[in-house]
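Novice: What follows is a single structure, and I will ask about it in a moment.
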Amino acid sequence: MKKLLVAMVLVIPVTVWAQPAGRMVVEHTWVHDGNGNLICQENHRHESFMKIQADEAVTSQLRFVEESFGSKSGGLDIILRATAQLDQFPDAKTAFVNAAEALEAIILTPAVVVIDVDYGPTRFGSAWSSSLVIGSTSSAISLATSGINGGGSAVSSIQFADSLYSRNPGFADLYFSIPNPIEAETGTVEEIYGTRPNLQALGFYSLQTSPNITYGQTPNIGFNSAFTFDLNPSDGITAGKTDFQGVAIHEIGHALGFVSSVGWGSAAWIAIWDIFRFRPGAVKNYEDFNAQPRVTTAGPSTVGGDHVFWEGLAEYALSTSNGNGTGGDGRQASHWMDDDLRGAVPASERKIGIMDPTVGAGEKLFISVADKRMLAVIGWDVEFGFVANPVTEASVYSDYTTPTSAVVSFITPSSLYNGKELSDWSMIVERNGTKIYENASAGPAQLTTLTDEGLITGTSYTYRFYSLHESGDTGIVISKVRVAGGSLVPSGVETLSNLNNSSAVALEFAIPTKHDDGTPLHNLRGYQVVRSPGGITVEGTLSSTDTGKTIQVIDIPPGKTARNYRYDIRILGEGSEAYASGASLVVRLGSTLATYSENMDGSSKKVIPAGGWGYSSTALSGESSLGITNLNGTVNSSAYLPYLRLSSGNSVSFQTICRITGSRGSGVVELSDDWGKTWKTQLTLTSDSYTEWASGQNVWKKQTLDLRSWANDTVLVRFRADYNSADTDFGWLIDDVELGVFTSVEGEGQQPSRLTLDQNYPNPFNPETLIRFTLPVTGQVQLTVSDILGRTLATLISETMPAGTHNAGFNAASLPSGVYFYQLRFNGQTLTRKMTVVK
15 MKKLLVAMVL
25 VIPVTVWAQP
35 AGRMVVEHTW
45 VHDGNGNLIC
55 QENHRHESFM
65 KIQADEAVTS
75 QLRFVEESFG
85 SKSGGLDIIL
95 RATAQLDQFP
105 DAKTAFVNAA
115 EALEAIILTP
125 AVVVIDVDYG
135 PTRFGSAWSS
145 SLVIGSTSSA
155 ISLATSGING
165 GGSAVSSIQF
175 ADSLYSRNPG
185 FADLYFSIPN
195 PIEAETGTVE
205 EIYGTRPNLQ
215 ALGFYSLQTS
225 PNITYGQTPN
235 IGFNSAFTFD
245 LNPSDGITAG
255 KTDFQGVAIH
265 EIGHALGFVS
275 SVGWGSAAWI
285 AIWDIFRFRP
295 GAVKNYEDFN
305 AQPRVTTAGP
315 STVGGDHVFW
325 EGLAEYALST
335 SNGNGTGGDG
345 RQASHWMDDD
355 LRGAVPASER
365 KIGIMDPTVG
375 AGEKLFISVA
385 DKRMLAVIGW
395 DVEFGFVANP
405 VTEASVYSDY
415 TTPTSAVVSF
425 ITPSSLYNGK
435 ELSDWSMIVE
445 RNGTKIYENA
455 SAGPAQLTTL
465 TDEGLITGTS
475 YTYRFYSLHE
485 SGDTGIVISK
495 VRVAGGSLVP
505 SGVETLSNLN
515 NSSAVALEFA
525 IPTKHDDGTP
535 LHNLRGYQVV
545 RSPGGITVEG
555 TLSSTDTGKT
565 IQVIDIPPGK
575 TARNYRYDIR
585 ILGEGSEAYA
595 SGASLVVRLG
605 STLATYSENM
615 DGSSKKVIPA
625 GGWGYSSTAL
635 SGESSLGITN
645 LNGTVNSSAY
655 LPYLRLSSGN
665 SVSFQTICRI
675 TGSRGSGVVE
685 LSDDWGKTWK
695 TQLTLTSDSY
705 TEWASGQNVW
715 KKQTLDLRSW
725 ANDTVLVRFR
735 ADYNSADTDF
745 GWLIDDVELG
755 VFTSVEGEGQ
765 QPSRLTLDQN
775 YPNPFNPETL
785 IRFTLPVTGQ
795 VQLTVSDILG
805 RTLATLISET
815 MPAGTHNAGF
825 NAASLPSGVY
835 FYQLRFNGQT
845 LTRKMTVVK
């Protein structure tokens, strides 16, 4: 059903201190969008606009509505002034009077509020700005100042809290927790604004004692008679018509203080209501209320729920948008959250109050406890009748061990909503609208537990807890929803961590232990890793005993271009719909390297160790090596190098110790040229590969992979430990991995016969290159880089090194294009070569 947005046109004059000679008007206009809806739009106007309105109003011959005089002794007295036009519509006039009396009946503050009202084809003598405008409301916004009636300077938040307390001492804990200064998400608040009637109630402006007020200085409401209203709600609201009296109450509510500063455009300004506006869940107690920043900006969610009103006991969802409907849920922020956007809440509780921004045709509007609570918090003395506080610690529990029953528990209300003592009341619990518990002798703050039986397994039940006074006043309702036998849907993964080298990613997560309703997870069957783009990339089967288990998976996205990938984890229960997604993360993958050297030290390691792989202090050089040790049981786990972008003549070499008994398993070096879809074995190692390993010695051996067959391709190399034995083996260590130029492999035990310094590769380069050299014996090595003037720019190596072939990487990112020299000094010999940086 289409609904009308009922905020109408709220014109709010706000003093602009940078321009003290004028005033700004924030005009909220609600117009039809052509689809049967009314959309709130906001315009800023100036004092001249209000002057024109006032001049035109003179011709409308405002007169007092006699029926609004003396309708109440004490408390709020709303006096209506009407146009001659309104006299032509007596039913509309009566509806205005009834709307005023409805608010007078609940507000005890002794104040006179004059409201100008009109109904007809014009608004106070002026033509409607558009045929799509259903009506309009204006109310002056004023600054709370240290002097009466706008004199002096802006009050501090402490002074403002004192004024609130003096009117409603029952909210002392709330008011005394207002911080000084008030911090909003956008900065420090310097000025507090409210509607003129609201500030009168708080003592910042003199209470009205006379109805003789200039038009434009008091709230005014006009409705367009071109629209279809039901002017007499006593017999219900006719289908297809709008509740005139309810909408009028709504508009008077704005005049009394239902106004937000969201969209006003200044971080220094805040409306009274926004002192209590927060993010959902941010405030659970008075300490949070004091510490958390207030929300004075729109949105950000397009489905609402990002602003809440916290009033000391509970939070109420608010609308979140600017006046023109942008920046949030499409509903202007001076309202409760639209009930149409509260789909997760039981239908009977979605509409928070009469200050909902929408109304459906044929819908009758009522003032709710939430409406009253808000008016009370902002300073009005409100009559709550015999409405009780909600129950606390309400819970309903049923799991797979009790599939046809539920344990229901709660603590009864401690007092009435206004703090007075409970009396003459009953405690009620309903299940799906049927009363299952009633106790007329329940005491306040009493823990009650009962068992609800005869439920149907798998059926969802809504339980409602509330008190009922003998007067008929219903206490605040608390609802709980529970599936008999517990939910079948697992809870989502809470944390998802990763290691990645821009080529492969190792994801790690813990399987949850509970369903999404908090009951023990009993129907676990598997998990899925979902990559976007890419879809389901990894799947695993689990049993019900795998709850809490840590899972680690490797994923290698296809493609040679770096891009962002999003990963989500699905936990699967029994049934196609029984799954949940939890934590997610975004990883940038797809980078390739033309040069690569890794000594397994430091924080910049580019190898992905997974599934038992890690780093060992047993190393050929430096502090650590890559390894998987103490192999036992069944192991099939890999460590991945980054993507390597090959040219002609490349090789990958590494130093290794592989003490894996051949009858139990092996260390396998594999290569993939199709992004990990298939793997080709390049080398298999066991302890039998070398006599030293077979005898239990940790002797490092260099291995070289000939990659010339993959010239100009991009490949992925992994080290895979394959083991299956109840006995324990030492394992496999790897160090000093290098991408270099392939040469014939030295025979085992044969040392290089002379000192050599190879041409760097690649050359020319930008910014990284690899320098290869061989040493005939162990000795002191110094490898430096210098410019054409002989100035040393970098020392790559200065240490004692063993005989053999070595590689050193050089990064010229900080150097300009040009010719440079690298020089090797060893045992009195010096070798020099030229290299070129091209940028």
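So that you can map any letter, position 500 of the sequence shown is 514 in this note's numbering, and since no number is skipped, the others follow by simple counting.
Built from N, CA and C at the ideal position, the CB exists for glycine as well.
Would you report the Cα separation of A454 and T462, rounded to the nearest angstrom?
Specialist: Rounded to whole angstroms, A454 to T462 spans 13 Å at the Cα level.
Novice: Since G681 and C672 are thought to touch, with beta carbons under 8 Å apart, how far apart are those beta carbons, to the nearest angstrom?
Specialist: The Cβ separation is near 4 Å, so the contact holds.
Novice: Measure the alpha-carbon distance for A524 versus P534 and round it to whole angstroms.
Specialist: Going by the C-alpha atoms only, they are around 15 Å apart.
Novice: Write down the C-beta distance between T123 and L90 rounded to the nearest angstrom, noting that I regard them as a contact closer than 8 Å.
Specialist: With 8 Å as the limit, T123 and L90 qualify as a contact, their Cβ atoms being about 6 Å apart.
Novice: What residues are listed by DSSP as bridge partners for S505?
Specialist: Paired residues: none, contrary to the question.
Novice: Within a Cβ cutoff of 6 Å, which residues of the same chain sit near V72, ignoring the five residues on either side of it in sequence?
Specialist: Below a pLDDT of 50, predicted positions are generally treated as unreliable, and V72, at 45, falls in that range; the measurement from the model is reported next regardless. Counting only Cβ-Cβ distances below 6 Å, and skipping sequence neighbours, we find nothing.
Novice: Give a yes or no on contact between the stretch 744–752 and the stretch 639–648, applying the rule of three or more CB pairs nearer than 8 Å.
Specialist: With the cut-off at 8 Å, the stretch 744–752 and the stretch 639–648 touch.
Novice: Taking R181 as part of the beta strand (DSSP E), name the residues at either end of that continuous run.
Specialist: No beta strand (DSSP E) holds R181; the alpha helix (DSSP H) holding it covers S171 to R181.
Novice: Which value, in whole angstroms, describes the spacing of the CA atoms of T340 and G236?
Specialist: One C-alpha to the other measures close to 25 Å.
Novice: Should the stretch 656–676 be called in touch with the stretch 725–736, which here means at least 3 C-beta pairs below 8 Å?
Specialist: Yes: the two stretches touch, three or more of their Cβ pairs being nearer than 8 Å.
Novice: Count the CB pairs spanning the stretch 555–563 and the stretch 467–482 that are closer than 8 Å, and state whether there are at least three.
Specialist: No contact exists between the stretch 555–563 and the stretch 467–482.
Novice: Within its chain, find whatever has a CB closer than 7 Å to the CB of G344; leave out the 5 residues flanking it on each side and keep chain order.
Specialist: Within the same chain, G344 has close Cβ partners S335.
Novice: List the whole-angstrom C-beta distance separating G271 from W287, where the pair is believed to meet the contact cut-off of C-beta under 8 Å.
Specialist: So it is a contact: roughly 6 Å between Cβ atoms.
Novice: Excluding five sequence neighbours on each side, which residues of the same chain lie with their C-beta closer than 6 Å to the C-beta of I550?
Specialist: So the list reads Q542 and V544, once near-sequence residues are dropped.
Novice: If contact is defined by three or more beta carbon pairs under 8 Å, each pair taking one atom from either stretch, is the stretch 772–790 in contact with the stretch 701–720?
Specialist: Verdict: no, contact absent.
Novice: Consult DSSP for S605 and reduce its assignment to one of helix, strand or coil.
Specialist: Residue state, collapsed to three classes: coil.
Novice: Grouping DSSP H, G and I as helix and E and B as strand, with all else coil, what is V383?
Specialist: If DSSP states are grouped into helix, strand and coil, V383 belongs with the helices.
Novice: Assuming D854 and R445 are in contact, meaning their beta carbons sit under 8 Å apart, how far apart are those beta carbons, in whole angstroms?
Specialist: Missing from the structure shown is residue 854; the chain here goes from 15 to 853 and no further.
Novice: Here's the rule I'm using: 16 or more other beta-carbon atoms within 10 Å means buried, otherwise exposed. How should N841 be labelled?
Specialist: Exposed: under 16 other Cβ atoms inside 10 Å.
Novice: What separation, rounded to the nearest whole angstrom, lies between the Cα atoms of S167 and W324?
Specialist: When rounded, the distance between both Cα atoms is 28 Å.
Novice: Leaving out five residues on either side along the sequence, give the residues of the same chain with a beta carbon under 7 Å from the beta carbon of Q696.
Specialist: Excluding positions up to five away in sequence, the list reads V683, E684, L685 and L719.
Novice: Hey, could you find the ends of the beta strand (DSSP E) G472 is sitting in?
Specialist: First-last for G472: undefined, no H or E at that position.
Novice: Cβ atoms of S493 and P360: under 8 Å apart, would you say?
Specialist: Contact: yes.
Novice: Anyone know if the C-beta pair for T689 and P571 falls short of 8 Å?
Specialist: Contrary to the premise, residue 689 reads as Trp rather than Thr in this sequence. Yes, the pair counts as a contact, with Cβ atoms nearer than the cut-off.
Novice: Considering only the alpha carbon of each residue, which of S177, N780, L797 and E782 lies closest to T770?
Specialist: The residue with the shortest Cα to Cα distance from T770 is L797.
Novice: If you draw a straight line from the C-alpha of T406 to the C-alpha of P371, how long is it?
Specialist: About 29 Å.
Novice: Quick one: residues in its chain with C-beta nearer than 8 Å to the C-beta of R496, no 5 flanking neighbours on either side, listed in chain order?
Specialist: So the qualifying residues of the chain are V410, Y411, S412, A420, S474, Y475, Y477 and D531.
Novice: Assign V131 to one of two classes, buried (16 or more other C-beta atoms within 10 Å of its C-beta) or exposed (fewer than that).
Specialist: Burial call: buried.
Novice: What does a CB cutoff of less than 7 Å around G589 pick up in its chain, not counting 5 residues either side in sequence?
Specialist: The answer, listed in chain order, is L502.
Novice: Any Cβ of chain C within less than 8 Å of the Cβ of D687?
Specialist: This model lacks chain C altogether; it includes just one protein chain.
Novice: Which complete beta strand (DSSP E) runs does the stretch 365–410 hold, if anything under 3 residues is left out?
Specialist: Whole beta strand (DSSP E) segments, 3+ residues: 372–374.
Novice: Can you tell which of P135, I442 and S598 has the C-alpha that lies nearest to the C-alpha of L482?
Specialist: Per the Cα distances, I442.
Novice: Tell me the DSSP secondary structure of F78 in three-state form.
Specialist: F78 falls in the strand class under three-state DSSP.
Novice: How about N432 and G217: do their beta carbons lie closer than 8 Å?
Specialist: The answer is no: Cβ separation not under 8 Å.
Novice: Would you tell me roughly how many angstroms separate the C-alpha atoms of I92 and S152, rounded to the nearest one?
Specialist: Taking the straight line joining both Cα atoms gives about 16 Å.
Novice: Return the first residue and the last residue of the beta strand (DSSP E) that L261 is part of.
Specialist: In the sequence on display, residue 261 carries Val and not Leu. Where V261 is concerned, there is no enclosing beta strand (DSSP E), although the alpha helix (DSSP H) it sits in stretches over F258 to L270.
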